[in-house]
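Colleague:
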């Protein structure tokens with residue numbers, strides 16, 4: 023993970039006081055970035071951190087009929103250890119589901135969509151079966167042909183519109199005079215990750231939102247009486263049949279995430295054409 027203190031001289035030079043810079047850098051949280059892994063590395067013995075596409079392996083008593091499309095699975099036991107601030111199961115697999123249809127994704131938008139069928143934890147040693155999914159020959163290859171994922175840890179920094187600042191009166195007031203400088207630095211950090219070729223998925227961190235922070239949206243709604251929401255995953259792809267570039271977020275009450283409770287996961291999508299997408 024990069025040393026965040028390397029950003030401090032840049033902030034000071036732009037006019038941000040040292041105490042404000044330190045407070046903002048202190049809001050950094052870890053995120054896991056998943057990129058495409060070479061099949062040769064798998065054959066040589068490297069353990070994938072997950073798999074993208076293909077058919078999911080689910081417990082025998084799970085019926086995926088109520089779930090949207092399968093996107094990827096994450097091997098919790100293969101993730102980098104001791105990632106600060108990111109609470110995930112230590113073993114088993116997390117299966118992520120979302121629509122792969124561009125029209126459905128655009129309709130999802132910023133409506134309130136809470137579902138027990140977008141994230142599934144399969145405990146280690148659970149007997150599973152392969153769930154064969156209906157496929158369309160029109161779907162892009164990146165949906166039909168699975169490939170392994172490698173995972174690295176990195177830092178994520180907020181902008182002033184992120185929930186962690188926008189919903190905190192003290193921080194909002196403290197950072198307001200330096201919003202432009204802090205947002206420029208936050209966006210630069212985000213763009214560095216967005217432009218990483220081969221990036222497929224990331225978990226944790228702050229949402230790379232284009233139309234508003236989904237964590238802020240649900241926090242302001244105080245759904246389930248919860249004001250503190252966090253991002254558990256974010257995925258970007260070129261969807262079919264229109265080829266629209268869409269970014270999808272999975273967000274969750276922070277308390278639920280700490281308890282590994284995945285039946286109240288909120289999902290949102292926004293249309294995006296600015297950065298590298300899987301399938302382009």
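Numbering (this note's numbering), first residue to last: 23 to 302.
Glycine included, each C-beta is placed from N, C-alpha and C at the ideal position.
Report yes or no: do the region 167 to 180 and the region 204 to 214 share at least 3 C-beta pairs separated by less than 8 Å?
Modeller: Touching, yes, given that three or more Cβ pairs across the two stretches are closer than 8 Å.
Colleague: List the residues that DSSP assigns as beta-bridge partners of residue 250.
Modeller: Your numbering for residue 250 matches position 228 in the chain shown. DSSP output for residue 250 lists no bridge partner at all.
Colleague: Cutting at 8 Å between CB atoms, please list the residues of its own chain near residue 114, excluding the five before and the five after it.
Modeller: Locating residue 114 in the chain shown gives position 92, counting from the first residue. Contacts found: 98, 99, 143, 144, 145, 146 and 148.
Colleague: Quick check on the burial criterion: 16 or more other C-beta atoms within 10 angstroms. Buried or exposed for residue 95?
Modeller: Residue mapping note: residue 95 aligns to position 73 of the chain shown, counting from 1. Looking at its Cβ environment, which holds 16 or more other Cβ atoms inside 10 Å, residue 95 is buried.
Colleague: Note down, in chain order, each residue of its chain lying with its Cβ closer than 7 Å to the Cβ of residue 71, except the 5 sequence neighbours on either side.
Modeller: In the chain shown, the residue the question calls residue 71 occupies position 49. Closer than 7 Å at the Cβ level, and outside the excluded window around residue 71, lie 56, 96, 97, 100, 101, 171, 172 and 173.
Colleague: Does the beta-carbon of residue 194 have 16 or more other beta-carbons within 10 angstroms, so that it is buried, or is it exposed?
Modeller: Locating residue 194 in the chain shown gives position 172, counting from the first residue. Its Cβ having fewer than 16 others within 10 Å, residue 194 is exposed.
Colleague: Could you check whether the region 84 to 91 touches the region 58 to 71, counting it as contact only if at least three pairs of C-beta atoms, one from each stretch, sit closer than 8 Å?
Modeller: No, they do not touch.
Colleague: Taking a contact to mean a Cβ-Cβ separation below 9 Å, would you say residue 229 touches residue 268 in this structure?
Modeller: Locating residue 229 in the chain shown gives position 207, where the first residue counts as 1. Locating residue 268 in the chain shown gives position 246, where the first residue counts as 1. In this structure, residue 268 does not lie closer than 9 Å to residue 229 by Cβ.
Colleague: Does DSSP put residue 84 in a helix, a strand or coil?
Modeller: The residue you call residue 84 lines up with position 62 of the chain shown. Coil, per DSSP.
Colleague: Return the first residue and the last residue of the alpha helix (DSSP H) that residue 192 is part of.
Modeller: Numbered from 1 along the chain shown, position 170 holds the residue referred to as residue 192. Where residue 192 is concerned, the enclosing alpha helix (DSSP H) stretches over 191 to 197.
Colleague: Considering only their Cβ atoms, is the gap separating residue 257 from residue 118 smaller than 9 Å?
Modeller: Within the chain shown, residue 118 is the residue found at index 96, counting from 1. Within the chain shown, residue 257 is the residue found at index 235, counting from 1. Yes, the pair counts as a contact, with Cβ atoms nearer than the cut-off.
Colleague: Using only alpha-carbon positions, find the residue among 168, 41 and 241 that is nearest to residue 277.
Modeller: In the chain shown, residue 277 corresponds to position 255, counting from 1. The candidate whose alpha carbon is nearest that of residue 277 is 241.
Colleague: Can you tell me whether residue 285 is buried or exposed, with buried defined as 16 or more other CB within 10 angstroms of its CB?
Modeller: Residue mapping note: residue 285 aligns to position 263 of the chain shown, counting from 1. With fewer than 16 Cβ atoms within 10 Å of its Cβ, residue 285 is classed as exposed.
Colleague: Taking just the CA atoms, how far does residue 199 sit from residue 221?
Modeller: The residue you call residue 221 lines up with position 199 of the chain shown. The residue you call residue 199 lines up with position 177 of the chain shown. Rounded to the nearest angstrom, the two C-alpha atoms are 34 Å apart.
Colleague: Could you give the first and the last residue of the continuous beta strand (DSSP E) run that contains residue 62?
Modeller: By 1-based counting over the chain shown, the position of residue 62 is 40. No beta strand (DSSP E) contains residue 62, which is instead part of the alpha helix (DSSP H) from 61 to 65.
Colleague: Considering only residues of the same chain and omitting the five flanking positions on each side of residue 33, which have a CB-CB separation below 7 Å?
Modeller: As a working mapping, residue 33 is identified with position 11 in the chain shown. Cβ within range, chain order: 43, 203 and 207.
Colleague: Using a Cβ-Cβ cutoff of less than 7 Å, which residues in the same chain neighbour residue 93 once the five nearest sequence positions on both sides are dropped?
Modeller: Sequence index remark: in the chain shown, residue 93 carries index 71 (1-based). Correct list, in chain order: 118, 119, 120 and 257.
Colleague: Would residue 53 be called buried (16 or more neighbouring beta carbons within 10 Å of its own) or exposed?
Modeller: Working through the chain shown from its first residue, we reach residue 53 at position 31. Residue 53 comes out buried.
Colleague: What's the gap between the Cα of residue 48 and the Cα of residue 69?
Modeller: Taking the first residue of the chain shown as position 1, residue 48 is located at position 26. Taking the first residue of the chain shown as position 1, residue 69 is located at position 47. Their Cα atoms are separated by approximately 33 Å.
Colleague: On a Cα-Cα basis, can you pick out the residue from 255, 275 and 37 that is closest to residue 246?
Modeller: Counted from its first residue, the chain shown places residue 246 at position 224. Nearest C-alpha to residue 246: 275.
Colleague: With 16 as the cutoff for other CB atoms within 10 Å, does residue 308 come out buried or exposed?
Modeller: Outside the displayed range of the chain (23 to 302) lies residue 308, so it cannot be described from this structure.
Colleague: Quick one, are the C-beta atoms of residue 109 and residue 288 less than 9 Å apart?
Modeller: Here residue 109 refers to the residue found at position 87 of the chain shown. Here residue 288 refers to the residue found at position 266 of the chain shown. Contact: no.
Colleague: Going by the CB atoms, is the gap between residue 282 and residue 78 shorter than 9 Å?
Modeller: Counted from its first residue, the chain shown places residue 78 at position 56. Counted from its first residue, the chain shown places residue 282 at position 260. No. Outside cutoff.
Colleague: Would you call the CB atoms of residue 254 and residue 290 closer than 9 Å?
Modeller: Position 232 of the chain shown, counted from the first residue, corresponds to residue 254. Position 268 of the chain shown, counted from the first residue, corresponds to residue 290. Contact flag unset, no.
Colleague: Since residue 239 sits in a beta bridge, which residues does DSSP pair it with?
Modeller: Position 217 of the chain shown, counted from the first residue, corresponds to residue 239. Residue 239 pairs with nothing; no bridge assigned.
Colleague: Tell me the residue span of the alpha helix (DSSP H) that contains residue 31.
Modeller: The sequence position of residue 31 within the chain shown is 9, counting from 1. Unbroken alpha helix (DSSP H) run through residue 31: 30 to 35.
Colleague: Check this for me: beta carbons of residue 106 and residue 51, under 9 Å apart or not?
Modeller: Position 84 of the chain shown, counted from the start, is the residue given in the question as residue 106. Position 29 of the chain shown, counted from the start, is the residue given in the question as residue 51. Yes, the pair counts as a contact, with Cβ atoms nearer than the cut-off.
Colleague: Residue 39: which of 196, 234 and 259 sits nearest, CA to CA?
Modeller: As a working mapping, residue 39 is identified with position 17 in the chain shown. Of the listed residues, the one whose Cα sits closest to residue 39 is 196.
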